[in-house]
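Have a look at the structure below, then the notes.
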Amino acid sequence: MPENFPEKLNIIQVVKRYGSVGGMERYVWELSRELQRLGHQVTVLCERCHGDAPEGIGIVELGETAKRPRWLSQVRFSGRVTRWVQQNPDAARIIHSHERLGIHDVTTFHGPPFATIFEKDWWRFISLRVWVRLYLERRELETAQVIVPNSSFISRQLAHYYPEMAAKLSAPIVPGVLPVRPRPARHVPAEGGVVCFVGWEWQRKGLPLAMEIVASLRRTRPNLELWVVGPVPAELEPLFASWRGGYRLLGWREDNDYFSEVDVLLHPALAEPYGMVIAEAMAARVPVVISDVCGAAEQVTAEAGAVLALDAPLGNWLGAVAAQLDRTVQPLAFIRGWDVVAREYVQIYHHQVSSPHSSQ
C-alpha cells in the first residue's frame, strides 16, 4: 500500500446517473454502499441522484445535460467532473470512474469497447460522433492507472483493441447479486414448462432466436410457454401474430419474483457485456441456457445450465433447453455478495493505485 494511503480510504465514485436505473448504475449503487459499510469515506459525483441517497454517502449533483447526442453529453459531463476536481483538490482521495473521463485513478469498463467499430464499414468514420467517442474512450484508458473490466469477455476485447493498455488491466470484477426469491423444487410436466426471456433491448439479447427455439419445442411440448419480461407488450405483439397462445408479455418488472414461477432462463444474446439477469436467475436456482458471448458465461457451470455457441445449430439449442426442462435435480443457488465486490476493489485501491489524483 502506498505510504500516503490511510487504511480507511476517501473514494470518489463517478457515474452520470446514480441509482438503480440500469445495469451499470446498479453496479455503482451497490458498490458505493458496500464501500461505505466497510468504513470508507464515499462521495458520488453524478448528474443527478435517482432515488433517496444512501445514508452515509456524500452526493454531489453536477446538473443534468441533454441525453442526446450521447457523445456530447459525455463531453459535457466529463468537463463538469474535471472542473469540480480542480476546484476541490484533495491529495489523498481516489477517483474511481464508470464514465468516459480524463481524470481518474481507476476506471471500470462496463460495456464493449467502441473501438469495435474498426470492424465495420469505412463510411462510418465520416461522422464526427465516431471520432469523438474513440477519443473519449482512448483518453479514459490512457489516464487511468488501473482499468477494471466487469467480465472476462470485456477484458479480452480491451486487450485486443488496445494492446498497449493491457498492462493496466486488472482481473475482472464481475457484479454481485442480491438475494432473490428462490424457485421451489418442482417437476416440470413433459408437455409443458415455462421458458423466460428477459431484456429491454430484445433484439440484441436474442428474442427472435428464443422465439424460434420455444416455437420448435412446442411441437412436442404443446403446453410450453414463453414469458417475455422487459419490453412494452404492444411493441412485441406483432412478433407473436402467428402464435396461438403459449406466450405471456409481462412488460417491465421492478422485482424479479417471477423467477420463482419459471423453469428455464433462455438468453441467446448476440452481445452481452455481462448479463445481470443470468446471475439473478442462477441466484434464484433457475437453470439457464445462454450464448457464449455473454460475459456471465464464465459463471455458468454445467450444474447451473448450458452455454452454447451463438451460431450453434438450432437443434443444439432445442436439446439444451429441453434438457434443463427435464432435469430432476435443482441447481444450487449462485452466491456473490456485493460486499465481496467491494473488498476486491479495496485490494485494487490499496495495492495498484500508486498516487491518487488531487486535481488535473
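Each number in my numbering comes from the position in the sequence shown (counting from 1) with 765 added on. Backbone N, C-alpha and C define an ideal beta-carbon position, used for all residues, glycine too.
Residue from His-875, Arg-848, Glu-772 and Ile-859 whose Cα sits closest to the Cα of Gly-787
His-875
Buried or exposed for Leu-1097, going by 16 or more other Cβ atoms inside 10 Å?
exposed
Segment contact flag, the stretch 772–786 with the stretch 799–806, C-beta cutoff 8 Å, min 3 pairs:
yes
Exposure label - Asn-1081; buried when at least 16 CB within 10 Å
exposed
Return the bridge partner residues of Gly-1016 from the DSSP annotation.
Val-994
Checking the sheet assignment: what are the DSSP bridge partners for Leu-934?
Ile-912
Could you check which residue in Trp-965, Val-959, Leu-972 and Val-993 has the C-alpha nearest to that of Arg-986?
Val-959
For Thr-985, three-class secondary structure by DSSP:
coil
Three-state secondary structure (DSSP) at Ile-860?
strand
Exposed unless 16 or more other CB atoms sit within 10 angstroms - verdict on Glu-1002:
exposed
Answer yes or no: the CB of Gln-910 versus the heavy atoms of the ligand GDP, is any distance below 8 Å?
Within the structure as shown, the ligand GDP is missing, as the structure has no ligands at all.
Identify which residue in His-1116, Leu-1075, Thr-1093 and Pro-1052 has its Cα closest to the Cα of Phe-1099.
Pro-1052
Out of curiosity, what's the CA-to-CA distance linking Ala-1046 and Val-997?
21 Å
Taking 6 Å as the limit between beta carbons, can you name the residues of its chain near Ser-981, skipping five residues before and five after?
Leu-1083
Same chain only: Cβ atoms within 7 Å of Pro-934, ignoring 5 sequence neighbours per side
First, the amino acid is wrong: residue 934 is Leu here, not Pro. So the qualifying residues of the chain are Ile-912, Pro-914, Ser-920, Leu-923 and Ala-924.
Express the C-alpha separation of Arg-889 and Thr-881 in angstroms, rounding to a whole number.
12 Å
Take every Cβ of the stretch 1053–1069, pair it with every Cβ of the stretch 1102–1118, and state whether three or more of those distances are shorter than 8 Å.
no
Nearest to Ala-1036 (by Cα), restricted to the options His-1115, Ala-1061, Glu-1026 and Arg-1018
Ala-1061
DSSP beta-bridge partners for Thr-873?
Val-913
Going along the chain, which unbroken runs of the beta strand (DSSP E) with 3 or more residues stay wholly within the stretch 769–836?
775–779, 806–811 and 823–826
Exposed or buried, which one is Asp-817 when buried takes at least 16 other CB atoms within 10 Å?
exposed
Assign Asp-1020 to one of two classes, buried (16 or more other C-beta atoms within 10 Å of its C-beta) or exposed (fewer than that).
exposed
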